[in-house]
Amino acid sequence: MPFPISEILLLSLLCNLSLLLPMEVMLSSLTRSSMQLISRAEASKWFEEVVPALANLLLRLPSLLESHYQDADYLFNGVGTGLRLLGSQEAGIVFLGQELVAALLTCAFFCLFPVSDRGSKRLPTINFDNLFEDIYESYSKKQENKIKCIMHYFERICSSMPEGFVSFERKVLLLEQLPLCVSYPEADFWSKSVVSLCPFEVHSSGFIEDQSNGALEVDFANKYLGGGALRSGCLQEEIRFMISPELIAGMLFLPCMEDNEAIEIVGAERFSNYTGYASSFCFSGDHVDKRNVDGFRRCKTRIVAIDALCRAGMRQYKCTYLLREANKAFCGFLDQSNCDHHKSPFQDGGSQGSQCMETDKDTNVVVKDFPMDEAPSTSVEIAMNRGEYINQVIGYSDKKGSWCLDLEDKIGIATGNWGCGAFGGDPELKTMIQWLAASQAARPSVSYYTFGIKSLQNLNQVSQWILSHEWTVGDLWNMLVEYSSRRFNKETNLGFFAWLLPTLFAHDAKMSNLTSTP
1 MPFPISEILL LSLLCNLSLL LPMEVMLSSL TRSSMQLISR AEASKWFEEV
51 VPALANLLLR LPSLLESHYQ DADYLFNGVG TGLRLLGSQE AGIVFLGQEL
101 VAALLTCAFF CLFPVSDRGS KRLPTINFDN LFEDIYESYS KKQENKIKCI
151 MHYFERICSS MPEGFVSFER KVLLLEQLPL CVSYPEADFW SKSVVSLCPF
201 EVHSSGFIED QSNGALEVDF ANKYLGGGAL RSGCLQEEIR FMISPELIAG
251 MLFLPCMEDN EAIEIVGAER FSNYTGYASS FCFSGDHVDK RNVDGFRRCK
301 TRIVAIDALC RAGMRQYKCT YLLREANKAF CGFLDQSNCD HHKSPFQDGG
351 SQGSQCMETD KDTNVVVKDF PMDEAPSTSV EIAMNRGEYI NQVIGYSDKK
401 GSWCLDLEDK IGIATGNWGC GAFGGDPELK TMIQWLAASQ AARPSVSYYT
451 FGIKSLQNLN QVSQWILSHE WTVGDLWNML VEYSSRRFNK ETNLGFFAWL
501 LPTLFAHDAK MSNLTSTP
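Going by the UniProt record's numbering, the first residue of the sequence shown is number 1, and it counts up by one from there.
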């Protein structure tokens with residue numbers, strides 16, 4: 001159900017009342033007696049110019065919402081794109097104009113959203129009170145600079161409001177087996193796959209968000225979208241949400257992800273530059289996003305949020321959790337709208353047509369062929385043809401399946417050490433899992449950013465060795481299963497790379513044997 005217009009009107013009135021509070025009360029969240037976060041002159045300018053502009057934006061919110069809902073059901077010929085709660089197991093998409101996003105974030109800034117039932121609906125934090133409370137009660141450099149990113153965003157949109165769109169999509173791998181739908185794979189799916197591994201490019205320096213190839217960028221997410229962005233968190237996901245605050249809007253209506261779900265966000269503009277990480281994070285000025293826009297007036301920034309296994313420990317080597325991680329990445333990387341991407345795990349698609357997957361009781365996957373001139377290519381084309389293929393070929397609607405709205409193919413994956421920091425994942429294992437998932441999802445390439453961690457210093461050699469031996473997804477999966485079984489049963493304490501290529505890693509193996517000798 002859409003958010004009631006009457007509630008939004010009430011929120012706007014509440015905001016106007018909040019502006020009547022003494023200036024000193026509002027300044028107290030931005031300044032402290034012993035450490036000013038911004039100067040008095042800067043604060044005066046902010047409250048004299050930016051805050052009134054934000055108040056005017058809130059007064060426009062009812063009309064923005066009215067226009068939004070009038071257009072929402074016609075963007076894709078009846079497929080719902082309006083602002084609504086996208087609940088668990090409910091695949092669908094929400095399309096928001098950047099001005100509407102700005103108005104919603106202004107509501108969050110003034111802490112106007114009701115919060116009483118958000119916990120029961122498994123929704124993330126949305127109001128900004130904790131973001132400011134943490135800095136007021138206990139100063140930290142990272143928190144000060146997170147706030148500077150948010151303030152900079154509001155300054156930018158008040159001086160020049162962006163006119164594009166941002167889409168928020170909940171992607172779901174169905175837990176039940178349905179004809180012509182991609183369901184949550186079992187281990188046999190991966191074991192028997194003969195899909196070739198895609199090219200793999202290693203970057204020992206640089207950042208995912210700086211890539212310029214239009215790749216799908218991985219957000220190392222918490223299952224609650226945004227993680228600690230509006231609290232004290234300052235790791236990869238939280239930093240991304242600070243430099244691109246439009247991502248925060250998804251926290252309003254997207255409950256936490258289950259194991260078979262991912263969230264893809266397209267069009268979030270970047271507004272800030274930064275240096276550092278975690279406690280050293282620092283806002284370093286304005287960023288002008290020069291990426292092109294697509295046919296839906298979205299900035300060509302594609303981000304997919306996938307949450308890794310938390311507190312991984314030794315259990316990450318159990319087959320159950322290997323499968324969980326592979327399927328989570330597969331869900332995020334798969335373009336479910338493109339029939340060609342549903343290729344069989346047992347054979348590559350030919351040049352005479354397209355292949356889609358259909359399940360049966362014995363093999364789990366059956367290939368169904370469609371002539372080249374009958375197969376849909378993207379969900380946009382499907383929508384423009386009044387969705388005729390949705391049930392006949394793909395079996396997707398606004399309640400099932402996924403709408404990937406890119407107009408181009410050949411979109412690779414840009415990722416890094418997913419789940420390998422606070423979540424405790426094994427970097428070598430996670431690297432290989434993401435590679436096989438991207439390959440199975442028919443992504444043309446993986447660009448991997450190691451952030452200079454020591455355990456991946458030989459990643460390029462290992463990946464090139466694997467490619468030179470023409471391994472398939474099934475080959476890599478089966479090797480990971482064998483290694484993980486031995487690691488879990490304490491038959492080896494080597495990393496996957498040293499276990500796989502002992503000659504290349506002879507020194508590491510020798511040191512490992514020395515440390516394991518009583």
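Virtual Cβ for every residue (Gly too), placed ideally from N, Cα, C.
**Request:** Tell me, please, whether the region 260-273 touches the region 298-308 by the rule of three or more beta-carbon pairs shorter than 8 Å.
**Result:** yes
**Request:** Using three-state DSSP, classify residue 453 as helix, strand or coil.
**Result:** coil
**Request:** Only counting runs of 4 or more residues, tell me where the alpha helix (DSSP H) segments fall wholly within the region 475-504, in order along the chain.
**Result:** 496-500
**DSSP three-state assignment for residue 74, whether helix, strand or coil** = In the structure shown, residue 74 sits in coil (DSSP, three-state: anything other than H, G, I, E or B).
**Request:** Can you give me the start and stop residues for the beta strand (DSSP E) that residue 97 sits inside?
**Result:** 92-97
**Request:** Assign residue 152 to one of three DSSP states: helix, strand, or coil.
**Result:** DSSP, reduced to helix, strand and coil, places residue 152 within a helical segment of the structure shown.
**Prompt:** On the three-state DSSP scale, how would you describe residue 360?
**Reply:** Because the pLDDT of residue 360 is 39, which lies under 50, any placement of that residue in the model is unreliable, and the question is left without a value.
**Asked** How would you call residue 313, buried or exposed, if buried means at least 16 neighbouring beta carbons within 10 angstroms?
**Response** Exposed, since its Cβ has fewer than 16 Cβ neighbours within 10 Å.
**Message:** Assuming residue 332 is part of the alpha helix (DSSP H), what are its boundary residues?
**Reply:** Taken as a continuous stretch (DSSP letters only), the alpha helix (DSSP H) holding residue 332 covers 319-333.
**Request:** Identify the continuous alpha helix (DSSP H) that holds residue 136 and give its terminal residues.
**Result:** 129-137
**Item:** Close-in-space but distant-in-sequence residues of the same chain around residue 253 (CB under 8 Å, 5 per side omitted)
**Value:** 83, 84, 85, 86, 94, 123 and 168
**Prompt:** Of all the alpha helix (DSSP H) runs that stay within the bounds of the region 180-208, which reach a length of 4 or more residues?
**Reply:** 187-191
**Item:** alpha helix (DSSP H) segment containing residue 169, residue limits
**Value:** Not the alpha helix (DSSP H): residue 169 falls in the beta strand (DSSP E), residues 165-172.
**First and last residue of the uninterrupted alpha helix (DSSP H) at residue 241** = Following the DSSP letters along the chain, one finds residue 241 inside the alpha helix (DSSP H) bounded by residues 236-243.
**Item:** residue 263: first and last residue of the uninterrupted beta strand (DSSP E) it sits in
**Value:** Segment 261-266, the beta strand (DSSP E) holding residue 263.
**Asked** Between residue 241 and the rest of its own chain, which residues show a CB-CB distance below 7 Å, the 5 nearest in sequence each way excluded?
**Response** 226, 229, 247 and 248
**Prompt:** Once you ignore the five residues that flank residue 433 on each side, which residues in its own chain have a CB closer than 8 Å to its CB?
**Reply:** Scanning its chain for C-beta atoms nearer than 8 Å, with the 5 sequence neighbours on each side dropped, one finds around residue 433 the residues 322, 325, 326, 329 and 480, in chain order.
**Request:** Have a look at residue 441 and residue 45 and give me their C-alpha separation to the nearest angstrom.
**Result:** 50 Å
**Request:** Quick one: using the 10 Å Cβ neighbour count with 16 as the cut-off for buried, is residue 315 buried or exposed?
**Result:** Residue 315 is classed as exposed because its beta carbon has fewer than 16 other beta carbons within 10 Å across all chains shown.
**Request:** Go ahead and label residue 209 buried or exposed: buried means 16 or more other beta carbons lie within 10 angstroms of its beta carbon, across all protein chains shown.
**Result:** Buried, since its Cβ has 16 or more Cβ neighbours within 10 Å.
**Prompt:** Which residues bound the alpha helix (DSSP H) around residue 460?
**Reply:** Counting along the chain, the alpha helix (DSSP H) containing residue 460 begins and ends at 459-468.
**Request:** Check whether the region 490-499 touches the region 419-435, taking contact to mean three or more Cβ pairs, one atom from each stretch, closer than 8 Å.
**Result:** yes
**Asked** With distances taken between CB atoms, is the gap from residue 154 to residue 128 smaller than 7 Å?
**Response** no
**Request:** Could you spell out the range, first to last residue, of the beta strand (DSSP E) harbouring residue 433?
**Result:** Not the beta strand (DSSP E): residue 433 falls in the alpha helix (DSSP H), residues 427-440.
**Request:** Have a look at residue 195 and residue 47 and give me their C-alpha separation to the nearest angstrom.
**Result:** 58 Å
**Prompt:** Who pairs with residue 283 in a beta bridge, going by DSSP?
**Reply:** 274
**Message:** Between residue 332 and residue 171, how many whole angstroms is the CB-CB distance? I'm expecting something under 8 Å.
**Reply:** Confirmed, Cβ separation roughly 7 Å.
**Request:** Could you name the residues of the same chain whose beta carbon sits closer than 6 Å to that of residue 146, not counting the 5 residues immediately before and after it, in chain order?
**Result:** The answer, listed in chain order, is 242.
**Asked** Among 275, 96 and 311, which residue has its Cα nearest to the Cα of residue 298?
**Response** 96
**Prompt:** Just reading off the alpha helix (DSSP H) that residue 246 is part of, what are its end residues?
**Reply:** No alpha helix (DSSP H) contains residue 246, which DSSP labels as neither H nor E.
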